[in-house]
Amino acid sequence: MVVLQACSPNNYKATHSSVYKHDSLVKQCEYFTCIQDIDSTLQEELKKQNKRLIQIYLIRHAKPDIQKKKFYSRKQAEKYLYDYNHVPIQKFDTGLIKVNLDKDHTVYCSALRRSIETAHTIFKDNYPIISDSIFNEFENKIIKSPGFIRQPLLCWQILSRGTWALGRKPSGIESHKKAKERASYAASKLIDIANKEETAILVAHGMLNRAITKNLKLIGWKTIQSNGQKNLGATILIKIVDIN
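Per the working numbering, the very first residue in the sequence shown carries number 2; after that it's consecutive.
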């Protein structure tokens, strides 16, 4: 696991290539996930060029407290998806996560229970936490099939997600096109937050985190850690911007 780490002033050269170089920005972290501000020494070096570094954390929620079985009928798979969105999260060791934020920040999460509970468990009452459905996971609805078919849950999910991505639009959920548009808007919102607070923090979901990451990388953001698809893991993205 890695976290942002300032370069030594003795060997740091304030160029984009050196700042974005992986070895000069990260170090090993003894915790599963570390969340911290950008080092002030690094920012001072960038300031000499009228630049600064901003970052975005995309953290995935803890595991929901729900048990899986080997095989599911269509109705059972539908019930599992419903329960997954409504059950509490499993208790987890908060010592796995190190929060070292000195500056004022607002933490964002989705409107789904697993995201909200994870955010409050990690950050407690130390920071304002705002829930916004724009950060909800991509919706899924089990594909129609004969009632006698039973298969592993993963098969139901892959078939349902795959046909949805190819254009199937089940009633009651957003289309794949709309979901991609929402992810793009979510990325833009996080950029605005990062520009304001230097560090933007989102506790959300695996597929959404992946889609946001894709959008950010298309406009020049660099990934220095890619664990946002793991429960309680984080993807960290950075970008050098001009000081206005």
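Every residue gets a Cβ at the ideal spot worked out from N, C-alpha and C, and that includes glycine. Bear in mind the structure is a predicted one, so any value in this text is a computation, not a measurement.
Mind checking which residues open and close the beta strand (DSSP E) that includes residue i?
{"i": "Lys-70", "result": "No beta strand (DSSP E) contains Lys-70, which DSSP labels as neither H nor E."}
{"i": "Lys-247", "result": "Residue 247 is absent from the structure shown; the chain starts at 2 and stops at 245."}
{"i": "Ser-227", "result": "223–227"}
{"i": "Thr-34", "result": "34–37"}
Rounded to a whole number of angstroms, what is the C-alpha to C-alpha distance between residue i and residue j?
{"i": "Asn-245", "j": "Lys-48", "result": "11 Å"}
{"i": "Phe-93", "j": "Leu-59", "result": "19 Å"}
{"i": "Glu-291", "j": "Ile-55", "result": "With the chain represented from 2 up to 245, any question about residue 291 goes unanswered, as that position is not in the structure."}
{"i": "Gly-173", "j": "Gln-230", "result": "26 Å"}
{"i": "Ala-201", "j": "His-121", "result": "16 Å"}
{"i": "Lys-170", "j": "Arg-183", "result": "16 Å"}
{"i": "Ile-143", "j": "Asp-243", "result": "46 Å"}
{"i": "Thr-34", "j": "Ile-225", "result": "13 Å"}
{"i": "Asn-12", "j": "Lys-69", "result": "Low local confidence applies: a pLDDT of 36 at Asn-12 is under 50, so the model's placement there is unreliable, and no value is given."}
{"i": "Met-2", "j": "Cys-30", "result": "With a pLDDT of 35 at Met-2, under the threshold of 50, the modelled position of this residue cannot be trusted, and the question is left open."}
{"i": "Gln-91", "j": "Arg-61", "result": "14 Å"}
{"i": "Phe-124", "j": "Ser-146", "result": "43 Å"}
{"i": "Ala-180", "j": "Asn-216", "result": "13 Å"}
{"i": "Asp-126", "j": "Thr-107", "result": "11 Å"}
{"i": "Thr-85", "j": "Ala-188", "result": "Looking at the sequence provided, one finds Tyr at residue 85 rather than Thr. Computed Cα separation, rounded: 25 Å."}
{"i": "Asn-228", "j": "Gly-234", "result": "5 Å"}
{"i": "Asp-24", "j": "Glu-175", "result": "Any reading at Asp-24 needs caution, since the residue's pLDDT is 42, under 50, leaving its predicted position unreliable; the model's value is listed next. Their Cα atoms are separated by approximately 41 Å."}
{"i": "Pro-129", "j": "Ile-98", "result": "18 Å"}
{"i": "Ala-63", "j": "Glu-46", "result": "37 Å"}
{"i": "Ile-258", "j": "Glu-79", "result": "This structure leaves residue 258 out entirely; the chain is present only between 2 and 245."}
{"i": "Leu-238", "j": "Ile-57", "result": "5 Å"}
{"i": "Ser-41", "j": "Thr-236", "result": "21 Å"}
{"i": "Gln-77", "j": "Tyr-32", "result": "37 Å"}
Helix or strand or just coil, what does DSSP make of residue i?
{"i": "Asn-101", "result": "strand"}
{"i": "Lys-52", "result": "strand"}
{"i": "His-23", "result": "Per-residue confidence for His-23 stands at a pLDDT of 44, beneath the threshold of 50, marking its modelled position as unreliable; no derived number is given."}
{"i": "Leu-113", "result": "coil"}
{"i": "Leu-5", "result": "Confidence is the limiting factor: at Leu-5 the pLDDT is only 38, short of 50, which leaves the residue's position unreliable, though a coordinate-based value still follows. If DSSP states are grouped into helix, strand and coil, Leu-5 belongs with the strands."}
{"i": "Ile-60", "result": "strand"}
Need the endpoints of the alpha helix (DSSP H) that residue i sits in, please.
{"i": "Asp-94", "result": "Careful: Asp-94 lies outside any alpha helix (DSSP H) and carries neither H nor E."}
{"i": "Thr-200", "result": "First-last for Thr-200: 200–205, but that is the beta strand (DSSP E), not the alpha helix (DSSP H)."}
Counting only beta-carbon separations shorter than 9 Å, does residue i have a partner in chain C?
{"i": "Leu-47", "result": "In the structure shown, chain C does not exist; there is a single protein chain."}
Q | alpha helix (DSSP H) runs contained entirely in the stretch 118–172, provided each spans 4 or more residues | A | Whole alpha helix (DSSP H) segments, 4+ residues: 154–166.
Q. Can you find at least 3 beta carbon pairs, one from the stretch 213–223 and one from the stretch 145–159, that sit closer than 8 Å?
A. As far as the Cβ criterion goes, the stretch 213–223 does not touch the stretch 145–159, which means the pair count is below three.
Q. Below 8 Å, can you find three or more Cβ-Cβ pairs linking the stretch 107–124 to the stretch 132–143?
A. The stretch 107–124, when compared against the stretch 132–143, does touch it at the 8 Å Cβ threshold.
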